[in-house]
Amino acid sequence: MKRAAADIRNDSSARSSRWEASVLDPTPQLAFAHPDGESVVCLEPGPGPRAIEDDEFQFEALSDIAEVESWRKEINRPTTHIHKWWAQRLGTVFRALTIGAFAPSGANVFDLFYKPVRIPSGTVFDPFMGSGTTLAETVKLGAKAIGRDINPVAHFLVKCALSVHDRKAILETFRAIESDVADDVRSYYRATLPDGTQADVLYIFWVKTVDCPSCAASVDLFGSQIFARHAYPKKVPQAQAVCPHCGGINAVHVEDREAKCSSCRKSFDPGAGPAKGQGATCPSCDHNFPIAKTIRASGNPPAHRMYAKLVLLPDGSKSYHPITDEDRALYAKAERALAKRENAYPVVAIEPGYNTSQALGYNYRHWHEMFNARQLLCLSILAERIRGIPDPVLRDLFTCLFSGALEFNNMFASYKGEGTGAVRHMFAHHILKPERVPLEANLWGTPKSSGSFSTMFEGRIRRALEYADDPFELRIAGKGSKTEKVFGLSERIGAPVAETYRAFANGKRVYLSCGDSGSTDLPDGSVDAVITDPPFFDNVHYSQLADFFHVWQRHILGAGGYREPDTTRSDREVQNADEGGFTERLAAVLRESHRVLKEDGLLAFTYHHSRLEGWRCVLQALMEAGFGISTVHPIKAEMSVAMPKLQAKEPIDLDIILVCRKRSCMKTHRWNGDLWGTVAPPAQAQAERLRASGRRLSRNDVRIIVMAQLLRQISRSPTMESALHLVDTANGETEMLIDRIHAAGGESKSNERATERT
Ligand SMILES: C[S@@+](CC[C@H](N)C(=O)[O-])C[C@H]1O[C@@H](n2cnc3c(N)ncnc32)[C@H](O)[C@@H]1O
Ligand SMILES: [Zn+2]
Ligand SMILES: [Zn+2]
Numbered sequence: 001m002k003r004a005a006a007d008i009r010n011d012s013s014a015r016s017s018r019w020e021a022s023v024l025d026p027t028p029q030l031a032f033a034h035p036d037g038e039s040v041v042c043l044e045p046g047p048g049p050r051a052i053e054d055d056e057f058q059f060e061a062l063s064d065i066a067e068v069e070s071w072r073k074e075i076n077r078p079t080t081h082i083h084k085w086w087a088q089r090l091g092t093v094f095r096a097l098t099i100g101a102f103a104p105s106g107a108n109v110f111d112l113f114y115k116p117v118r119i120p121s122g123t124v125f126d127p128f129m130g131s132g133t134t135l136a137e138t139v140k141l142g143a144k145a146i147g148r149d150i151n152p153v154a155h156f157l158v159k160c161a162l163s164v165h166d167r168k169a170i171l172e173t174f175r176a177i178e179s180d181v182a183d184d185v186r187s188y189y190r191a192t193l194p195d196g197t198q199a200d201v202l203y204i205f206w207v208k209t210v211d212c213p214s215c216a217a218s219v220d221l222f223g224s225q226i227f228a229r230h231a232y233p234k235k236v237p238q239a240q241a242v243c244p245h246c247g248g249i250n251a252v253h254v255e256d257r258e259a260k261c262s263s264c265r266k267s268f269d270p271g272a273g274p275a276k277g278q279g280a281t282c283p284s285c286d287h288n289f290p291i292a293k294t295i296r297a298s299g300n301p302p303a304h305r306m307y308a309k310l311v312l313l314p315d316g317s318k319s320y321h322p323i324t325d326e327d328r329a330l331y332a333k334a335e336r337a338l339a340k341r342e343n344a345y346p347v348v349a350i351e352p353g354y355n356t357s358q359a360l361g362y363n364y365r366h367w368h369e370m371f372n373a374r375q376l377l378c379l380s381i382l383a384e385r386i387r388g389i390p391d392p393v394l395r396d397l398f399t400c401l402f403s404g405a406l407e408f409n410n411m412f413a414s415y416k417g418e419g420t421g422a423v424r425h426m427f428a429h430h431i432l433k434p435e436r437v438p439l440e441a442n443l444w445g446t447p448k449s450s451g452s453f454s455t456m457f458e459g460r461i462r463r464a465l466e467y468a469d470d471p472f473e474l475r476i477a478g479k480g481s482k483t484e485k486v487f488g489l490s491e492r493i494g495a496p497v498a499e500t501y502r503a504f505a506n507g508k509r510v511y512l513s514c515g516d517s518g519s520t521d522l523p524d525g526s527v528d529a530v531i532t533d534p535p536f537f538d539n540v541h542y543s544q545l546a547d548f549f550h551v552w553q554r555h556i557l558g559a560g561g562y563r564e565p566d567t568t569r570s571d572r573e574v575q576n577a578d579e580g581g582f583t584e585r586l587a588a589v590l591r592e593s594h595r596v597l598k599e600d601g602l603l604a605f606t607y608h609h610s611r612l613e614g615w616r617c618v619l620q621a622l623m624e625a626g627f628g629i630s631t632v633h634p635i636k637a638e639m640s641v642a643m644p645k646l647q648a649k650e651p652i653d654l655d656i657i658l659v660c661r662k663r664s665c666m667k668t669h670r671w672n673g674d675l676w677g678t679v680a681p682p683a684q685a686q687a688e689r690l691r692a693s694g695r696r697l698s699r700n701d702v703r704i705i706v707m708a709q710l711l712r713q714i715s716r717s718p719t720m721e722s723a724l725h726l727v728d729t730a731n732g733e734t735e736m737l738i739d740r741i742h743a744a745g746g747e748s749k750s751n752e753r754a755t756e757r758t
């Protein structure tokens, strides 16, 4: 249920260039004239409560906009989506947060959201910048932005996203790459059809095979002989099935349990296959065996067999065909060509870890083993060409594009089917899950491809640059009506990026660095607001997954500086090693944030967690670092379609914005322990406001609202020991309160809204 967005477009490009002169004026004024007559609202850092600390902060209306953004994040905030990153937050939320952190108490943040707001003398620091959501919003608001991330892949993405880019040179470089290597790459994805037509191959379908431990026959790990179905099978029930007897490709009804192969005339069950759950049955001898264990015992990564291809016909239509000798010969040619290339790809071992253990269990011991020989060959041709780009900014940008294409062009990717984006990328599961029926895509691509280098140039780079030139916000124009894009509110994105604080202080507006935010080169009291999003106490270990990209980026750009090590893992990364480790590392970053933050500055961040430990850690880290919680607001979380949330029994659709201040500037008080008198009323009120706006709350949504209000009370305790004691003792009663607020909404079908909306 996605709404099309209409454009509200004024002549914003002319306007933003005319603004630049005023915005860079070192003496900020309260408001300066907007070329259309509307005044630019100039906010300044200052003492006293801020709008984000007001109870009236319009989290319901902002959640609605955030939700619309979440449906198509990559379209609505393309600048920060030029490359994969995990847990990418919603720009809407961070724009509102930044405005609210600088606007004085009493200001209407929702109104300001659609005003041309500028914060020329404000400096915002994000110590966990990830893909740069906070920073892009900061730049749009004309404030100075400092970002740091421990992961080189994140730092590289943000550097590419926020730098100044020469549009003409980018297009010329793309055309030059195309003319140098596209034909070569595409020549490995060609086929002759039965009628003699030459066609481009869009996708090649592979299946993992394993030797039967009893009779040694090679067994295809198909769970179903149907390998291609429509995303909406009720509407389009035709599917494609491969005949288990002769390999013929047959069009079948998706629910057929019996089909007769048009090639060999034998019958088969399209919905069945040798693999079922964790085991497989050998079609030759009927022996049943466990899949993972058998693969592990073989000592090698699993073998694959190609069995079908989807080709693009000269008239623009697509058709499925079986694999022929010509296809096999072409693949063998790619293998020989790869063998002749020197240093064709990075050879780096995969280290054990929570997110890598499943792949290691299938004997994938090196990152390059996740690709087949033809993919490695084509990647190698493209990588070498990109390495030769003389201009470093262009080389970085095309390396970023190349790296982004990797997640769609490997043997962990799979087919989503027709009527949708075709390629399911490898990180759909947040772990490296070996795929039984992988999909190989044409790396250069055709105009009908998904996940290819050329289509991603259009879909990611060009779209990002368009947004950077003319950023927009989304606005819901009344109930049930269309969403509008509102242009002309922001500065262009694109600034010279400083690599040290000294360079930043000498007049740059963006400073990015890669490293542990537990220690920085920022002077004491140098930033007005820390606006961030720490890793949650959960199991996404960013660096274990990011290594997949890191080894290729290093292969192209060379080792040196932060790219030296084989892995992006660091023992300073804030992640869920255990409760103590997580708290200690988070506290270190918050302590550093406290040091660099001005006395009257704000720390604001988003967080959610379904378990008590997740909240206990945050409270302890905040208090150890010298912060107390001033205000908490619920807000729409970013994961409306991502897998992990849909898998959770009690989905969390909300994040909490925690607004914190230095405890030295807050009045401490001993909480009286009266949950019903102090925590219940504001939690109830927030839940009711969300419901009144049409949002259903799961029990976990209610839980995070209650936990946040509890933490807010407790964080003002005179000592940390007393605070932690209070959290633990409040636990039983908290559950009662959660039940009561949840029951008040009558929301037994807890994830109704999530499924309704996605
Ligand atoms: C939840 S993500 C931030 C996502 C970001 N808000 C976005 O929208 O893309 C947390 C980030 O913290 C980074 N990180 C973890 N430990 C860190 C540390 N000690 N210093 C700096 N960054 C760290 C991770 O690499 C990750 O990118
Ligand atoms: Zn057998
Ligand atoms: Zn057949």
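For the sequence shown, this note's numbering gives the first residue as 1, with consecutive numbering after it. For each residue, glycine too, the CB sits at the ideal point set by N, CA and C.
Nearest to residue 406 by CA position, among 576, 417, 468 and 370, is which residue? 370
DSSP state of residue 437, grouped into three classes? Taken through DSSP and simplified to helix, strand or coil, residue 437 comes out as coil.
Checking 8 Å against the spacing of the C-beta atoms, do residue 104 and residue 42 come in under that value? no
Using beta-carbon positions only, say whether residue 412 and residue 435 come within less than 8 Å of one another. yes
Excluding the 5 residues preceding and the 5 following residue 749 in the sequence, name in chain order all residues of the same chain whose CB lies nearer than 6 Å to its CB. Bear in mind that a pLDDT of 46 at residue 749, under 50, signals an unreliable position, so the number given afterwards is only what the model happens to contain. So no residue of the chain qualifies.
Between the Cα of residue 344 and the Cα atoms of 377, 207 and 361, which residue gives the shortest distance? 377
Mind pulling the alpha helix (DSSP H) runs of 4 or more residues that sit fully within the stretch 456–527? 463–469 and 501–505
Please classify residue 660 as buried or exposed, where buried requires at least 16 other C-beta atoms within 10 Å of its C-beta. buried
Between the Cα of residue 197 and the Cα atoms of 311, 616, 520 and 662, which residue gives the shortest distance? 311
If you measure between the beta carbons of residue 633 and residue 657, is that distance less than 8 Å? For the pair residue 633 and residue 657, the CB atoms are nearer than the 8 Å cut-off.
Helix, strand or coil: how does DSSP classify residue 638 here? When DSSP states are grouped into helix, strand and coil, residue 638 belongs to the coil group.
Tell me whether residue 222 sits in a helix, a strand or coil according to DSSP, three-state version. coil
Am I right that residue 607 and residue 618 are in contact with their C-beta atoms under 8 Å? What's the rounded C-beta distance? About 6 Å separates the two Cβ atoms, so the contact holds.
Taking its Cβ as the centre, do 16 or more other Cβ atoms sit within 10 Å of residue 490, making it buried, or is it exposed? buried
Let me have the residue list for ligand 3: C-beta closer than 6 Å to any non-hydrogen atom, ordered along the chain. 243, 245, 246, 248, 261, 263, 264 and 266
Can you have a look at residue 78 and say buried or exposed, based on whether 16 or more other CB atoms are within 10 angstroms of its CB? buried
According to DSSP, residue 228 sits in a beta bridge with which residue or residues? 240
Would you identify the three-state DSSP class for residue 137, choosing helix, strand or coil? Here DSSP, grouped into helix, strand and coil, assigns residue 137 to helix.
Under the three-state reduction of DSSP, which class applies to residue 123: helix, strand or coil? strand
In whole angstroms, what separates the C-alpha of residue 582 from that of residue 732? 25 Å
I need the straight-line Cα distance from residue 437 to residue 308, nearest angstrom please. Approximately 11 Å between the Cα atoms of the pair.
Residue closest to residue 620, alpha-carbon to alpha-carbon, out of 214, 718, 410 and 433: 718
Since I believe residue 295 is in contact with residue 363 (beta carbons under 8 Å), could you give me their beta-carbon distance rounded to a whole number of angstroms? 7 Å
What does the alpha-carbon distance come out to for the pair residue 644 and residue 236? Interpretation of residue 644 is limited by its pLDDT of 48, a score under 50 that renders its predicted location unreliable; no figure is taken from the coordinates.
Between the stretch 140–160 and the stretch 124–132, can you find at least three pairs of beta-carbon atoms closer than 8 Å? The stretch 124–132 makes contact with the stretch 140–160: 3 or more CB pairs, one atom from each, lie closer than 8 Å.
In the DSSP output, which residue or residues are listed as bridge partners for residue 250? 241
For residue 252, tell me which candidate among 679, 612 and 260 has the shortest Cα-Cα distance. 260
Going by alpha carbons, who is nearest to residue 215 out of 283, 422 and 102? Looking at the Cα atoms, 283 is the closest of the given residues.
Just to confirm my understanding: we take residue 596, look at its own chain, exclude 5 residues before and 5 after, and list those with CB closer than 6 Å. What are they? 522, 526 and 527
Just list the residues that DSSP pairs residue 149 with in beta bridges. Note: residue 149 sits in a beta bridge opposite 514.
Could you check the C-alpha separation between residue 476 and residue 188 for me, to the nearest Å? Roughly 47 Å between the two C-alpha positions.
Within the stretch 66–126, note down every full alpha helix (DSSP H) run reaching 4 residues or more, in order along the chain. 73–76, 91–102 and 109–113
Do you know how far the Cα of residue 347 is from the Cα of residue 368? 6 Å
Roughly how many whole angstroms lie between the Cα atoms of residue 147 and residue 160? 13 Å
Within the present structure, is the beta-carbon of residue 214 separated from the nearest heavy atom of ligand 2 by less than 7 Å? Checking every heavy atom of ligand 2 against the Cβ of residue 214, one is found closer than 7 Å.
Check whether residue 275 and residue 222 have beta carbons under 8 Å apart: yes
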